[in-house]
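Engineer:
2 protein chains.
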Amino acid sequence: MGKDRALTQSRQKGRLEKILAELERASEFDQLQSVSEQLRDYFEIDHLVYHWVSSSGQQYGFGTYSDDWVQRYVEKDYLRVDPVIQGCYQRFHPVDWKRLDWTGKAARAFQAEAQGFGVGNQGYSVPIRGPNGQFALFTVSHNCDDATWAEFTEKNRRELILIAHFFNHAALELEPDRAPEQAQALSPREVDAMTFLAMGYSRAQVAETLSISEHTLRVYIESARFKLGAVNTTHAVARALSRGLIVI
Amino acid sequence: MGKDRALTQSRQKGRLEKILAELERASEFDQLQSVSEQLRDYFEIDHLVYHWVSSSGQQYGFGTYSDDWVQRYVEKDYLRVDPVIQGCYQRFHPVDWKRLDWTGKAARAFQAEAQGFGVGNQGYSVPIRGPNGQFALFTVSHNCDDATWAEFTEKNRRELILIAHFFNHAALELEPDRAPEQAQALSPREVDAMTFLAMGYSRAQVAETLSISEHTLRVYIESARFKLGAVNTTHAVARALSRGLIVI
DNA sequence: CGCGGCCTCGCCATTTCTGGGGAGAAAAGA
DNA sequence: TCTTTTCTCCCCAGAAATGGCGAGGCCGCG
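The listed protein sequences correspond, in order, to chains A and B.
FYI, the numbering for the first sequence is 1 to 248, going by the UniProt record's numbering.
FYI, the numbering for the second sequence is 1 to 248, going by the UniProt record's numbering.
Below, the structure is given as structure tokens:
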């Protein structure tokens with residue numbers, strides 16, 4: 001490796017270090033926005049976005065997408081169409097957009113419109129999950145051919161994972177009102193009840209499975225519903241699931 | 001900074017690089033075990049453990065804890081007592097053991113017993129969550145005073161986060177992947193129906209919201225139920241949620 | 001052009017869930 | 001020790017969901 005190149009690399013590393021340090025100190029939206037732009041420039045890519053979906057479905061984020069696109073995305077509720085969301089929601093690990101399912105009419109229409117707003121044809125997204133069903137996605141996207149993109153992601157994978165986490169940390173600082181929504185834990189019996197209900201058991205079946213009377217079971221369901229702020233059983237099960245209190 | 005120290009640092013970095021590369025290639029338990037030990041030596045700490053809890057409650061892991069301790073932990077179902085698990089389960093971010101709640105009889109007894117098995121008084125754990133309630137914890141632990149530990153975690157935070165992710169990646173390779181039964185897509189109306197039901201709306205409310213008759217709504221619910229292989233509405237909503245077909 | 005999928009609407013009877021009460025025992029924590 | 005939480009059981013009536021029957025129009029695909 002030539003001396004110059006090594007020097008450049010070292011200088012580059014230093015630049016990234018500086019941005020990361022700023023990211024770690026960041027506590028306001030504008031700072032995160034600025035860091036996003038610096039990182040975009042550093043990586044020499046088209047876009048870089050952090051997108052957060054709370055357990056209640058609210059979403060927000062920051063990054064380099066145009067305001068038009070963000071607004072349209074929220075307006076049109078593209079959360080429910082976006083293959084990146086759909087795909088990453090079921091995945092553990094960072095994923096290249098190429099590996100997602102872009103067949104399907106809605107997906108292709110979405111893709112076309114996204115590219116109209118300057119979103120790249122290539123992308124790489126890092127999913128992060130929270131304890132109560134929160135879901136965040138850190139995405140870099142770019143317009144280039146497959147080989148170039150593969151090289152980029154291979155080279156910067158580690159940095160991207162780290163940045164995703166730092167963004168996530170910063171985003172949580174932004175959001176102060178998590179506490180009230182902090183999941184009140186369910187009692188073991190309540191967890192049992194919710195779990196079997198989520199598995200499709202009727203109340204009678206759950207009661208029999210747990211060897212308790214159906215009346216008793218009802219008390220659990222009701223108290224779980226109360227704790228979860230749910231208006232009916234289905235709602236309670238949905239909340240318990242998306243807050244990670246039960247697993248099926 | 002002296003030249004020698006810089007050299008040492010660089011050499012150290014190279015050593016870590018080598019271990020990480022091995023970790024990234026690892027695909028078998030023994031390799032991961034070996035990497036754990038190398039990392040322990042590299043960081044000069046007492047223990048380093050990766051611990052995985054699957055959605056069905058099964059747990060496994062690898063690391064440098066003694067077999068005796070691991071066996072005891074599993075036997076005694078310490079998962080339900082361990083403040084590290086309890087604490088990290090509700091947290092987004094890596095956490096220092098000092099910040100956990102060690103009051104409580106069971107917790108203190110657990111702590112005492114753990115230290116008897118050589119687990120350090122200091123620890124730092126990185127939680128990682130999966131799409132279906134999986135929960136993994138990467139932990140480093142050591143015996144030292146607070147200041148030394150604070151310095152260590154501050155210095156190696158980034159590396160630890162990365163290692164946690166690489167371990168996680170490798171652990172997933174280990175796991176005989178349960179075939180993620182191809183989620184059959186729901187029609188848009190079915191998605192609407194499931195979504196509102198998951199939000200706690202009654203049938204009548206959903207029908208009104210979607211401006212369709214309640215009977216039509218029933219057809220959607222039934223076809224969604226059929227597609228999802230669910231026996232009732234709650235079951236269908238639960239499946240739609242955990243397959244990521246709907247988001248609330 | 002037929003086939004399948006999607007969207008829309010109706011009636012019946014039966015089962016299941018929900019909301020409002022009340023009450024005692026056991027276990028865990030402060 | 002005392003308090004709180006958890007677990008267990010019981011009543012009733014009204015609301016909601018389910019299962020099974022049928023019907024027509026619209027769209028895209030091969």
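Where is the CB? At the ideal position from N, CA and C, for every residue including glycine.
Fair warning: this is a prediction, and the values are worked out from it, not measured in the lab.
1. For A:Ala112, which residues in the same chain have their Cβ closer than 6 Å to its Cβ, ignoring the five residues on either side in sequence?
2. Would you check if there are 3 or more beta carbon pairs closer than 8 Å linking the segment 88-107 of chain B to the segment 116-127 of chain B?
3. What residues in its chain sit with their C-beta under 8 Å from that of B:Ala114, if we drop five residues either side in the sequence?
4. Measure the alpha-carbon distance for A:Arg225 versus A:Pro131 and round it to whole angstroms.
5. What's the call for B:Ala147, buried or exposed, on a 16-neighbour Cβ count within 10 Å?
6. Sort A:Lys13, A:Ala21 and A:Gly14 by Cα distance to B:Glu154 and report the nearest one.
7. List the residues of chain B whose Cβ lies closer than 7 Å to the Cβ of A:Gln86, in chain order.
8. Mapping the DSSP letters down to three states, classify A:Trp69 as helix, strand or coil.
9. So which of A:His93, A:Phe117, A:Ile163 and A:Phe196 has the shortest CA-CA distance to A:Asn143?
10. Is there a C-beta anywhere in chain A that falls below 7 Å from the one on B:Thr139?
11. Rounded to whole angstroms, what is the Cα-Cα separation between B:Ala240 and A:Asp192?
12. Could you tell me whether the segment 12-27 of chain B touches the segment 160-174 of chain B, where touching means 3 or more Cβ pairs closer than 8 Å?
13. Is the CB-CB distance between A:Ala230 and A:Leu217 below 7 Å?
14. Just verifying my parser: in three-state terms, what is the DSSP assignment at B:Phe92?
15. At 7 Å on the CB atoms, spell out the chain A contacts of B:Arg25, in chain order.
16. Among the candidates B:Gln205, B:Thr209, B:Leu245 and B:Arg189, whose CA atom is the shortest distance from the CA of B:Ile221?
17. Relative to the alpha-carbon of A:Leu245, which residue among A:Met194, A:Val219 and A:Glu214 has its alpha-carbon at the smallest distance?
18. If the cut-off is 8 Å on Cβ atoms, which residues from the segment 151-174 of chain A count as contacting chain B, listed in chain order?
19. Could you work out which residue in A:Arg15, A:Ser202 and A:Phe135 is closest to A:Ser54 when comparing CA atoms only?
20. Alpha helix (DSSP H) containing A:Gln122: first to last residue?
21. Thinking B:His51 and B:Leu137 are a contact (beta carbons under 8 Å), I'd like their distance in whole angstroms, please.
22. Compute the beta-carbon to beta-carbon distance between A:Val84 and A:Thr64, rounded to the nearest angstrom, for a pair I have assumed lies under 8 Å.
23. Tell me which same chain residues have a C-beta within less than 8 Å of the C-beta of A:Leu32, skipping the five on either side of it?
Structural biologist: Here's the rundown:
1. On the first sequence, position 112 is the one that residue 112 of chain A refers to. Here the set comprises nothing.
2. yes
3. Numbered from its first residue, the second sequence carries residue 114 of chain B at position 114. Cβ within range, chain order: Trp69.
4. Residue numbering aside, residue 225 of chain A sits at position 225 when the first sequence is read from its first letter. Residue numbering aside, residue 131 of chain A sits at position 131 when the first sequence is read from its first letter. Distance between the alpha carbons of A:Arg225 and A:Pro131 is about 19 Å.
5. For the purposes of this step, residue 147 of chain B is taken as the residue at position 147 of the second sequence. Exposed is the call here.
6. As a first step, residue 154 of chain B must be located in the second sequence, where it is residue number 154. Ranking A:Lys13, A:Ala21 and A:Gly14 by Cα distance to B:Glu154 puts A:Ala21 first.
7. On the first sequence, residue 86 of chain A is found 86 positions in, with the first residue counted as 1. The answer, in chain order, is Gly244.
8. Translated into the one-based positions of the first sequence, residue 69 of chain A becomes position 69. Correct three-state label for A:Trp69: helix.
9. To locate residue 143 of chain A, count along the first sequence from 1; it is residue 143. Answer by Cα proximity: A:Phe117.
10. Position 139 of the second sequence holds residue 139 of chain B. Not one chain A Cβ lies under 7 Å of B:Thr139.
11. By one-based count along the second sequence, residue 240 of chain B stands at place 240. By one-based count along the first sequence, residue 192 of chain A stands at place 192. Distance between the alpha carbons of B:Ala240 and A:Asp192: 20 Å.
12. yes
13. Locating residue 230 of chain A in the first sequence gives position 230, where the first residue counts as 1. Locating residue 217 of chain A in the first sequence gives position 217, where the first residue counts as 1. Taking 7 Å as the Cβ cut-off, A:Ala230 and A:Leu217 do not qualify as a contacting pair.
14. Residue mapping note: residue 92 of chain B aligns to position 92 of the second sequence, counting from 1. The answer is coil: DSSP assigns B:Phe92 none of H, G, I, E or B.
15. The residue labelled residue 25 of chain B in the question sits at position 25 within the second sequence. Correct list: empty, because the minimum Cβ distance to chain A is about 14 Å.
16. As a position in the second sequence, residue 221 of chain B is number 221, starting the count at 1. If we check each option's Cα against that of B:Ile221, B:Arg189 comes out closest.
17. One-based indexing of the first sequence puts residue 245 of chain A at position 245. Among A:Met194, A:Val219 and A:Glu214, the Cα nearest to that of A:Leu245 belongs to A:Met194.
18. Arg158, Ile161, Leu162, His165, Asn168, His169 and Leu172
19. Position 54 of the first sequence holds residue 54 of chain A. Ranking A:Arg15, A:Ser202 and A:Phe135 by Cα distance to A:Ser54 puts A:Phe135 first.
20. Against the first sequence, residue 122 of chain A aligns to sequence position 122. Per DSSP, A:Gln122 belongs to no alpha helix (DSSP H); it is in the beta strand (DSSP E), Gln122 to Arg129.
21. To locate residue 51 of chain B, count along the second sequence from 1; it is residue 51. To locate residue 137 of chain B, count along the second sequence from 1; it is residue 137. That belief holds up - the Cβ atoms of B:His51 and B:Leu137 are roughly 5 Å apart, short of 8 Å.
22. Within the first sequence, numbered from 1, the residue matching residue 84 of chain A stands at position 84. Within the first sequence, numbered from 1, the residue matching residue 64 of chain A stands at position 64. Wrong, their Cβ atoms sit about 16 Å apart, outside the cutoff.
23. Your numbering for residue 32 of chain A matches position 32 in the first sequence. Taken in chain order, the residues that qualify are Leu23, Ala26, Tyr50, Phe62, Phe167, Ala170, Ala171 and Leu174.
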